[in-house]
Amino acid sequence: MAGKLMSKPISLSAIEVRRHDWDRFICTLFAPEACREDLFTLLAFNLELARTRERVTEPLIGEMRLQWWRDAIEGIYDGSRRLDSGHYVLEHLPGVIRSRNLSKSYFVELIESRLMDLSDQPPLTMEALQSYAHGTSSTLNLLQLEILGCGEALAPEAEALGLAWAMTGLMRALPELVRQGRSPLPASLLPASRVIAGMDEGVRRAVKQVCQAAEKHLDETSKLETSDYRGVPSLFLLRPLCRSYLTKMADANYDPSAPTLRQSRAKQQLALWFRARLGLF
């Protein structure tokens with residue numbers, strides 16, 4: 000079905016997004032064709048930032064990598080620096096930024112927020128977690144809105160969806176993050192000096208609090224009529240996906256390691272296709 004939604008050969012950016020960010024890849028297939036490739040370029044850029052931690056052996060190298068991207072963005076906007084066109088993202092990103100008049104401040108926030116990924120320390124509070132979620136997810140949504148040509152009209156809903164999506168995703172990824180020596184659970188939700196070794200009752204209680212906060216943000220996206228989302232299905236199809244993930248997490252008693260959280264990609268894709276066609280966001 001995905002192939003039917005793409006009338007042109009798939010680009011390297013789209014391939015990378017499909018490989019590492021399946022949910023956003025599928026949703027982006029429902030974007031207007033004139034915007035689709037620009038969205039994939041943006042999402043591929045986001046992937047480069049998001050995968051910084053896994054590609055480096057120490058934080059300093061990660062900081063240098065993020066600084067390289069910061070310099071690249073500065074070079075695009077001021078036009079005074081020669082870009083390394085050998086990177087596949089930078090072959091297309093300058094054109095996307097200029098043709099869509101994308102906000103520089105959003106790119107800066109995306110990069111700066113990824114510095115937290117280089118630390119093994121958890122966020123101290125729920126507010127700190129939400130700040131990270133805003134910088135890495137809400138900001139990305141706002142850039143997508145600019146590409147889709149409705150940067151202001153749906154901005155509050157896009158920001159709320161970004162918060163819900165990131166917080167839900169972090170809870171779903173908790174077992175893998177713990178194996179890496181990381182935890183997105185706010186320290187304030189766990190006993191002092193608590194090291195997460197398994198998904199026990201205390202951890203599940205903290206996961207529940209984060210998921211409930213995510214659900215509140217998701218509810219903020221329900222204020223508009225369904226018709227308001229029809230012009231940007233590629234972004235707001237994340238909404239029912241997020242709701243589904245939160246429901247499954249609740250059904251699993253907030254245990255992120257529960258096998259019931261795994262979802263068939265084929266069923267997911269079919270459900271999104273019907274939702275997009277029926278305008279059910």
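The numbering of the sequence shown is numbering that gives the first Met the number 0, which starts it at 0 and goes up by one.
Glycine is no exception: its CB is placed at the ideal position from the N, C-alpha and C atoms.
A quick note: this is a predicted structure, and the numbers were derived from the prediction, not measured.
Between the CA atoms of residue j and residue i - distance to the nearest angstrom
i	j	result
A213	F44	25 Å
Q208	E15	33 Å
V88	P31	21 Å
M248	D77	45 Å
L188	R204	8 Å
L282	I110	The structure shown does not extend to residue 282, since the chain spans only 0 to 280, so no value can be given for it.
M115	P190	22 Å
S130	P121	13 Å
E53	D199	27 Å
R264	F29	16 Å
D254	P8	40 Å
E108	A165	15 Å
E219	S137	13 Å
I25	S118	31 Å
P58	G85	25 Å
G201	P239	28 Å
A311	I75	The structure shown does not extend to residue 311, since the chain is modelled only from 0 to 280, so the question has no answer here.
P232	L38	13 Å
P93	R242	35 Å
L271	H216	21 Å
M125	Q267	30 Å
P174	Y244	16 Å
V55	K103	26 Å
D20	T135	14 Å
R23	L237	8 Å
L65	R50	11 Å
S151	L11	According to the sequence shown, residue 151 is Glu rather than Ser. Answer to the nearest angstrom: the Cα atoms are 30 Å apart.
S112	D70	16 Å
L48	A13	16 Å
Q211	S221	16 Å
T167	T27	19 Å
L101	A163	23 Å
Cβ-based neighbour list, residue i, same chain, cut-off 8 Å, excluding 5 preceding and 5 following
i	result
L169	L128, A132, L176, P183 and V209
T259	K247, D250 and A251
Local Cβ density within 10 Å of residue i, reported as buried at 16 or more and exposed below that
i	result
M63	exposed
R178	exposed
A97	According to the sequence displayed, residue 97 carries Arg and not Ala. Per the 10 Å Cβ criterion, exposed.
R181	buried
E36	buried
R18	exposed
T246	exposed
W68	buried
7 Å Cβ shell around residue i - same chain, five flanking residues per side excluded
i	result
N140	A157, E158, L160, G161 and L234
A257	A251
L41	V95, L142, Q143 and I146
G61	T51, R52, V55 and L117
R99	D37, E145 and I146
A154	L141 and L144
Range of the contiguous alpha helix (DSSP H) that encloses residue i
i	result
P239	L237 to D250
R18	L11 to H19
L217	E200 to D218
Close beta carbons around residue i, own chain, < 6 Å, minus the five adjacent residues each side
i	result
I72	F106
C34	I146 and L147
A186	P121 and L123
Q262	none
Chain C within 8 Å of residue i, Cβ atoms only
i	result
T135	Absent here is chain C; the protein component of the structure consists of one chain.
Exercise. Tell me the start and end of each unbroken alpha helix (DSSP H) in the segment 25-57 that is at least 4 residues and wholly inside, in chain order.
Key: 32-49 and 51-54
Quiz item: Which runs of the alpha helix (DSSP H), 4 residues or longer, sit entirely within the segment 68-155?
Solution: 92-99, 103-112, 125-132 and 138-147
Exercise. Please go through the segment 157-181 and give each complete alpha helix (DSSP H) segment of 4 or more residues, from N-terminal end onward.
Key: 173-178
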